[in-house]
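Let me begin by presenting the structure, written as structure tokens, before commenting on it.
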Amino acid sequence: MIERLLGLWHSAGERYDLALGLALGVTLAVVLLHLLALGVTRRFGPRRSRGNRAATALVLAVLLACLALAATALAGSARAAAAPGSGLRGVLLFAHVGVGAAFLVGLALLAVLRSAASRPGRARDRFGPLAKVTFWLVLVTGACTGATMLLATFPWFGAEDLERLLDLHRRSGLALAVAALLHAHGLLLGRLGPRPDADLARSARRADTAAP
Amino acid sequence: MMRGGALTAVVALALLAPRGAAQDATAEQNYKVAGGRSTWPHRIDVYGPDGRAIDPGDPGARPYSPAQTCKKCHDLKAIQHGWHFAAAEVAPPGRSGEPFVWTDPRTATQLPLSYRDWPGTFRPETVGLDPVAFAGLFGRHLPGGLAGYAGGDPQTDRRRIVGELEIDCMACHDGARRWSHERWAEQIALQNFAFAPTAAYGLARIDGRSSALPDDLDPSTPEGAAQLPAAHWDPRAFDVDGKVFFDVVRVPPAAACYACHSVRDVAAVDAGPFAEPIAADPRWVHDGDVHLRAGMSCSDCHRNGLEHHTVRGFDGEEHPSGRDVHTLSCRGCHLDETDGHGEVLARGGRLGAPKAVHRGLPPLHLQTISCTACHAGERPGAWPRRVQTSLAHGLGLASQTRTDADAPRIVEPVLARDADGVIRPHRAFWPTFWARETTAGLVPIPLDEATRTLRRALRVRKDLAAELGALAPDEQRAKLAAALGALGGDAGAAVLITGGRLWRAVDGGLAGEPHELAQARSWALGHDVRPARDAVGVGGCADCHAADATFVHHRSVALGLVPDADPPVVLGVDAMGLDADLVAAWERSFAGRGAFKWIAGGSLLLVTLVLLVHVAVGFDAVLKALRGRRRGRGAEATR
Numbered sequence: 001m002i003e004r005l006l007g008l009w010h011s012a013g014e015r016y017d018l019a020l021g022l023a024l025g026v027t028l029a030v031v032l033l034h035l036l037a038l039g040v041t042r043r044f045g046p047r048r049s050r051g052n053r054a055a056t057a058l059v060l061a062v063l064l065a066c067l068a069l070a071a072t073a074l075a076g077s078a079r080a081a082a083a084p085g086s087g088l089r090g091v092l093l094f095a096h097v098g099v100g101a102a103f104l105v106g107l108a109l110l111a112v113l114r115s116a117a118s119r120p121g122r123a124r125d126r127f128g129p130l131a132k133v134t135f136w137l138v139l140v141t142g143a144c145t146g147a148t149m150l151l152a153t154f155p156w157f158g159a160e161d162l163e164r165l166l167d168l169h170r171r172s173g174l175a176l177a178v179a180a181l182l183h184a185h186g187l188l189l190g191r192l193g194p195r196p197d198a199d200l201a202r203s204a205r206r207a208d209t210a211a212p
Numbered sequence: 213m214m215r216g217g218a219l220t221a222v223v224a225l226a227l228l229a230p231r232g233a234a235q236d237a238t239a240e241q242n243y244k245v246a247g248g249r250s251t252w253p254h255r256i257d258v259y260g261p262d263g264r265a266i267d268p269g270d271p272g273a274r275p276y277s278p279a280q281t282c283k284k285c286h287d288l289k290a291i292q293h294g295w296h297f298a299a300a301e302v303a304p305p306g307r308s309g310e311p312f313v314w315t316d317p318r319t320a321t322q323l324p325l326s327y328r329d330w331p332g333t334f335r336p337e338t339v340g341l342d343p344v345a346f347a348g349l350f351g352r353h354l355p356g357g358l359a360g361y362a363g364g365d366p367q368t369d370r371r372r373i374v375g376e377l378e379i380d381c382m383a384c385h386d387g388a389r390r391w392s393h394e395r396w397a398e399q400i401a402l403q404n405f406a407f408a409p410t411a412a413y414g415l416a417r418i419d420g421r422s423s424a425l426p427d428d429l430d431p432s433t434p435e436g437a438a439q440l441p442a443a444h445w446d447p448r449a450f451d452v453d454g455k456v457f458f459d460v461v462r463v464p465p466a467a468a469c470y471a472c473h474s475v476r477d478v479a480a481v482d483a484g485p486f487a488e489p490i491a492a493d494p495r496w497v498h499d500g501d502v503h504l505r506a507g508m509s510c511s512d513c514h515r516n517g518l519e520h521h522t523v524r525g526f527d528g529e530e531h532p533s534g535r536d537v538h539t540l541s542c543r544g545c546h547l548d549e550t551d552g553h554g555e556v557l558a559r560g561g562r563l564g565a566p567k568a569v570h571r572g573l574p575p576l577h578l579q580t581i582s583c584t585a586c587h588a589g590e591r592p593g594a595w596p597r598r599v600q601t602s603l604a605h606g607l608g609l610a611s612q613t614r615t616d617a618d619a620p621r622i623v624e625p626v627l628a629r630d631a632d633g634v635i636r637p638h639r640a641f642w643p644t645f646w647a648r649e650t651t652a653g654l655v656p657i658p659l660d661e662a663t664r665t666l667r668r669a670l671r672v673r674k675d676l677a678a679e680l681g682a683l684a685p686d687e688q689r690a691k692l693a694a695a696l697g698a699l700g701g702d703a704g705a706a707v708l709i710t711g712g713r714l715w716r717a718v719d720g721g722l723a724g725e726p727h728e729l730a731q732a733r734s735w736a737l738g739h740d741v742r743p744a745r746d747a748v749g750v751g752g753c754a755d756c757h758a759a760d761a762t763f764v765h766h767r768s769v770a771l772g773l774v775p776d777a778d779p780p781v782v783l784g785v786d787a788m789g790l791d792a793d794l795v796a797a798w799e800r801s802f803a804g805r806g807a808f809k810w811i812a813g814g815s816l817l818l819v820t821l822v823l824l825v826h827v828a829v830g831f832d833a834v835l836k837a838l839r840g841r842r843r844g845r846g847a848e849a850t851r
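Protein chains in written order, with the numbering used here: chain A, 1 to 212; chain B, 213 to 851.
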């Protein structure tokens, strides 16, 4: 099994649809299991503050861009697996490149706007530990994915080096997709728990009724 | 003299017939092999079709037979299935190549023929060409091997009289340029098939013409045999032992290949009514193929073993021998075969081939575009060039009547996507022929019938296209409609396929419509190869990804016999199976590629800076924490 998975990782170029699909599927399953476990045990943490709407919209946009990039990559590689010689081409490639550029701009803005709030060990944190860790993962893998794409547009590398760059692009993109999914999960967790002010009001009511 | 000759023949018969028979039996099982790298000097006896050694002093000696002569030491049965000799045997038919184009000026016919069942071609026998007629038309540019080409039964058809057009090894393996293409073609035109190798190698002068002999001649009778052509041997060709020296080379020189595979430009732009034609550059301006310029020969890549299954050299070729011939293709030789991740599986670089680096060319291009698309033929222009080829126009044979306008009109390069999804440059021409619509589809009208009827209906003398061209367009259309009326009958309505359309006679005029058989017949071209610095793309992405890039935005126009104010135009985008809107979108995006790189680069720089800052901050925090812990320990120790 491990050998197969390692083989899949090595042959990410040929079976990228499997590698990406498997990675996203497993991550999604873990996320759902986690949510289910939290729901059953009702151990959601307190709800965190939403922050400003523009920042939230930006995060959503970046995450949606990640989703679109993963979807186009998945569709392209599935097409390649079904019909050798095809792949991420035509409209799919155009969409992938276009969204990729927008994603890089969004990532840069996100890095500027959210990095301070995502630093570990700060009092009155707006984000939980999962959201924080995956934020930095998104930044690193996003930068790596973008850099491998950008470098390939310069006449510096030959065909074989470009293949290696493309491989790196695929793998870092795969890691980015997983990190983005987990980051979305981390942010969602921060919106699921009870509101802190509502808890205070509830405990105050309890105290009132308990008083003689 | 006669007596001496007869005596020699009898002695030769007595001595050689049994020995020849014995050699036949053993030679096929146990050939003599020299084994060295040098070519064995071929000073050998020559044999006639009956297996008897030829005595140049014998006036009745039959012509020399390459088959009988060469099979003493070479496995002819293996050789005769080679690509050049056995087109009719090939199954599956393989990648489409240049068809034989049956060109007849009296009917303006330009009909693509092939024994290989290539799309849009007709098998010669279906259009009334028997093996002898086929060889008479096209044998001039074949190295023999008619049986493999045309099938049939040589015992019953006209080959009883004209003989077999045998494989002539010297057509390709002559190292002394003694083999005469001119004489070969001349003897074939006279239907002296059996005498063609003898005449071509200059062993004898041939008197007589088999084409003048009646079909019912019986060559087995003395009277019949007396009417056959005769060979008058050149005694100087034979040495003191009665042997002939053949200057055989193992690897044919490029000149031998060019005898049948030459192409010449006749117009730099051929756009019909859409642009003024531009004459082709003179020959001295052309550089030729970069490989030959580097000292190579065609056979260095297009190799074969004894079976003569010459490597065609395209990607994905499966050789009948089962051997991997990938490294004999452009890609296999100039690129290492990788696993798709940059890891090398098989190295190219044969014969010192430089490695193609293709800096900045996304790997996707190498998967969907053939090497030849950017490197072979002339650089694509807005309109294709017009060329002539050996097979179609008889290049290589001296002619006073050949003109640049001779049919068929072949154009190149037409970049188109093949069935395997790869874009390649092609040569193409649009067929012209008269046909009948039957329940079985379109059936070409036999040329004899078309000629007779058109001569009466249109009073054609020599050249239908030229004679019609002298008339006004309306008059031309009326005449062609009348011709269709005359050709039609109970067997089906007559139609004319020409200029990319099917034409019917309608109310005294002509109406055209698209038809599959009217589409261009095309085949991928491989040469002349241009060097890297002259390839498409050397100027960057905009060589192809721009609104004025001729690689994508070239056009070719179908021209034919019918005057057509609006002839069909094939757009490069369509031929390559591209989405025009998407192409335009890419082109617009490439216009802003510089800005895209700046924005993407700037964004990445920003992300990197943020990461670095926070790594530094985190590092600082860790250091502070460590210092704080040390201070705490120090304070505790002080207490």
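Think of the CB as a built atom: it goes at the ideal place given N, C-alpha and C, for glycine as much as any other residue.
Output needed for residue i: all residues of its chain with C-beta closer than 7 Å, excluding positions within five of it in sequence on either side, in chain order.
i: A/ALA131; result: HIS183, GLY186, LEU187, GLY190
i: A/ALA65; result: VAL99, ALA102, PHE103, GLY106
i: B/THR580; result: GLY633, VAL634, ILE635
i: B/VAL460; result: THR251, HIS254, HIS385, GLY387
i: B/PRO540; result: The residue asked about is misnamed: residue 540 of chain B is Leu in this sequence, not Pro. Closer than 7 Å at Cβ, skipping near neighbours: CYS513, ARG515, VAL523, GLY525.
i: A/ARG79; result: SER86, GLY87
i: A/GLY21; result: LEU74
Tell me which same chain residues have a C-beta within less than 6 Å of the C-beta of residue i, skipping the five on either side of it?
i: B/ALA437; result: PRO431
i: B/ALA411; result: ARG395, GLN399, ILE418
i: B/THR238; result: In this predicted model, B/THR238 has a pLDDT of only 41, less than 50, meaning its place in the structure is not dependable; the value taken from the coordinates is given anyway. Excluding positions up to five away in sequence, the list is empty.
i: B/GLY375; result: PHE405, ALA406
i: A/CYS144; result: SER172
i: B/LEU377; result: ALA347, GLY351, GLY356, LEU358, PHE405
Cβ of residue i within 7 Å of Cβ of residue j?
i: B/ARG318; j: B/VAL344; result: no
i: B/ARG648; j: B/GLY704; result: yes
i: B/LEU670; j: B/ALA695; result: yes
i: B/TYR276; j: B/LEU415; result: yes
i: B/VAL781; j: B/VAL769; result: yes
i: B/GLY608; j: B/HIS473; result: no
i: A/ASP17; j: A/SER86; result: no
i: B/PRO592; j: B/PRO625; result: yes
i: B/VAL569; j: B/ARG598; result: no
i: A/ALA75; j: A/LEU92; result: yes
i: A/LEU113; j: A/ALA180; result: no
Assuming residue i contacts residue j (C-beta within less than 8 Å), just tell me the rounded distance between them.
i: B/ILE291; j: B/HIS520; result: 5 Å
i: B/HIS353; j: B/ASP501; result: The Cβ separation is near 20 Å, so there is no contact.
i: B/HIS514; j: B/GLY525; result: 6 Å
i: B/ASN516; j: B/GLY294; result: 7 Å
i: A/THR148; j: A/LEU176; result: Contact doesn't hold; Cβ gap of about 11 Å is too wide.
i: B/ALA279; j: B/ILE379; result: 7 Å
i: B/GLY724; j: B/LEU737; result: Rounded, the Cβ-Cβ distance is 29 Å, inconsistent with contact.
Within the same chain, show all residues whose beta-carbon is closer than 8 Å to that of residue i, passing over the 5 residues directly before and after it, in chain order.
i: B/GLN235; result: The pLDDT assigned to B/GLN235 is 35, lower than 50, so where the model puts this residue is not dependable, and the model offers no usable value.
Margin query: Along the stretch 782–816 of chain B, where does the CB come closer than 9 Å to a CB of chain A? Name the residues.
Written below: LEU790, ASP791, LEU794, ALA797, TRP798, SER801, ARG805, PHE808, LYS809, ILE811, ALA812, GLY813, GLY814, SER815, LEU816
Next item on the list: With 9 Å as the C-beta to C-beta threshold (strictly closer), list the residues of the stretch 616–634 of chain B near chain A in chain order.
Entry: ASP632, GLY633, VAL634
Note to self: At a CB distance below 8 Å, what residues from the stretch 142–164 of chain A approach chain B? Give them in sequence order.
What the structure shows: GLY142, ALA143, GLY146, ALA147, MET149, LEU150, ALA152, THR153, PHE154, PRO155, TRP156, PHE157, GLY158, ALA159, GLU160, ASP161, LEU162, GLU163, ARG164
Check: Between the stretch 572–595 of chain B and chain A, which residues of the former have CB atoms less than 8 Å from a CB of the latter, in chain order?
Finding: GLY572, LEU573, PRO574, PRO575, LEU576, LEU578, GLN579, THR580
Item checked: Segment contact flag, the stretch 398–408 of chain B with the stretch 467–486 of chain B, C-beta cutoff 8 Å, min 3 pairs -> no
Item checked: Against chain A: residues of the stretch 535–550 of chain B by CB proximity under 9 Å -> LEU547, ASP548, THR550
Notebook entry, point to check: Taking a cut of 9 Å between CB atoms, which residues from the stretch 85–98 of chain A lie near chain B?
Noted result: GLY85, SER86, GLY87, LEU88, ARG89, GLY90, VAL91, LEU93, PHE94, VAL97, GLY98
Note to self: Counting beta carbon pairs with one atom in the stretch 148–168 of chain A and one in the stretch 574–589 of chain B, are three or more of them shorter than 8 Å?
What the structure shows: yes
Check: Using a beta-carbon distance cut-off of less than 7 Å, what residues from the stretch 103–114 of chain A approach chain B?
Finding: LEU104, VAL105, LEU107, ALA108, ALA111, VAL112
Notebook entry, point to check: So, do the stretch 710–726 of chain B and the stretch 687–695 of chain B have three or more beta carbon pairs nearer to each other than 8 Å?
Noted result: yes
Margin query: Under 8 Å, CB to CB, which of the residues in the stretch 758–775 of chain B have a partner in chain A?
Written below: none
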